[in-house]
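Quick note on numbering that gives the first Met the number 0: the sequence shown kicks off at 0 and runs consecutively. So the structure is just underneath, and the comments pick up after that.
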Amino acid sequence: MSPMGRPVAFAAGTFSGLTVRTELREIQAAEVARKAGTKEYTSVMWQCPDETHTPADRRPLDPPPILVARFFVVDASAQWQGEGSATEKEIRNTDDVRVEGFVCNVDLFPMSSDWRHGEPVPATLEESAKCTENLSGSRFAEAIRLEYGGAKSVMFPFPDLSVTKSGYHLLRYRIFNVLSIAAGTVPVPALAECYGGVFHVYGSKEFPGLRASTDLTKVCAPVPPSFPPFGRT
C-alpha cells in the first residue's frame, strides 16, 4: 500500500487522538475538454485565491471531476497484543466529520498520443512527467458534505479546471487536512491519492461540444461556493 493510503495517527484537529485511514476516489471523471486559449486576465478563484492568471478563452473539463473521500478509524490494539491484524471501522455518518480543513489538490499528467479507450493506465506515473503547468483554474478544492444516492458523502468538486494543451491527459488527486496535525515528523501529510480517468482535450475546430449536465453535476450546482452548471440543461 502507498504510504499515502496508510493509517495516520492524529495529535490534533478533526481526528485528534484517533488513527484514521483515508480513501479517495474519483466518482465523476472528465471525458472531454476544449483546449484553453493563452490570452490571460486576472480572476480570483474561491478555492485558491493566489491562482490569479487564467486563460480568458477556455472551457472547463466536461463533466467536471468530482472526488469522494471515505474515512476508517483503525484500532491497532489487537495487533499490538499479538492477536492478528488491526481492525478498522468506516465513519459512515459524515455529520461526525468536520469537513473544514480538508483540501484536495490536483496535478496533470500527459498520456501517449496513441492511447486508446480501454487500454490500461499505468498504476503509477513518473513525477518528472507531470505537466500541471498546463492546467488552468483552481487546482485546490475544499470539501463539501453532500447528499447523493441516498447518503451523505464528503466530496471535492473541481468545476473550473481547463487544459492549455491538446491530447490525452489524466489527473492525480491528493487529499490533506490543513487544520489537523499528525503525530510524527510530517505534521500535514498527504492522507490519500488516486488517479482519475483519461480524458481528451480537443483543439477548437475538433471539439465535439458540451454534453448535458450529469445528475451529480446538477446536485453539486446549488452547493456554495457556487458550482457553475456551464449553461446546460
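All C-beta atoms, glycine included, are put in the ideal place defined by N, C-alpha and C.
Does the separation of the CB atoms of residue i and residue j fall below 9 angstroms?
{"i": "A35", "j": "V162", "result": "yes"}
{"i": "L190", "j": "T18", "result": "no"}
{"i": "L160", "j": "P63", "result": "yes"}
{"i": "S112", "j": "G166", "result": "yes"}
{"i": "Y147", "j": "R171", "result": "no"}
{"i": "T13", "j": "L178", "result": "yes"}
{"i": "I90", "j": "F71", "result": "yes"}
{"i": "C103", "j": "F175", "result": "yes"}
{"i": "E192", "j": "L23", "result": "yes"}
{"i": "A142", "j": "F101", "result": "yes"}
{"i": "K164", "j": "V200", "result": "yes"}
{"i": "V73", "j": "S152", "result": "no"}
Which of the three DSSP states is assigned to residue i in this structure?
{"i": "E39", "result": "Note on E39: pLDDT 42, under 50, position unreliable in the model; the coordinate value appears next. Reduced to three states, the DSSP call for E39 is strand."}
{"i": "G4", "result": "helix"}
{"i": "D113", "result": "coil"}
{"i": "S127", "result": "helix"}
{"i": "N92", "result": "coil"}
{"i": "E99", "result": "coil"}
{"i": "S179", "result": "coil"}
{"i": "E87", "result": "strand"}
{"i": "E132", "result": "helix"}
{"i": "F108", "result": "strand"}
{"i": "V120", "result": "coil"}
{"i": "L170", "result": "strand"}
{"i": "V185", "result": "coil"}
Taking residue i as part of the alpha helix (DSSP H), name the residues at either end of that continuous run.
{"i": "K217", "result": "D214 to C219"}
Sort out for me which residues DSSP pairs residue i with in a bridge.
{"i": "M154", "result": "V67 and I143"}
{"i": "D74", "result": "T86"}
Can you tell me where the beta strand (DSSP E) holding residue i begins and where it ends?
{"i": "V200", "result": "F198 to Y201"}
{"i": "R20", "result": "T18 to Q27"}
{"i": "A32", "result": "V31 to R33"}
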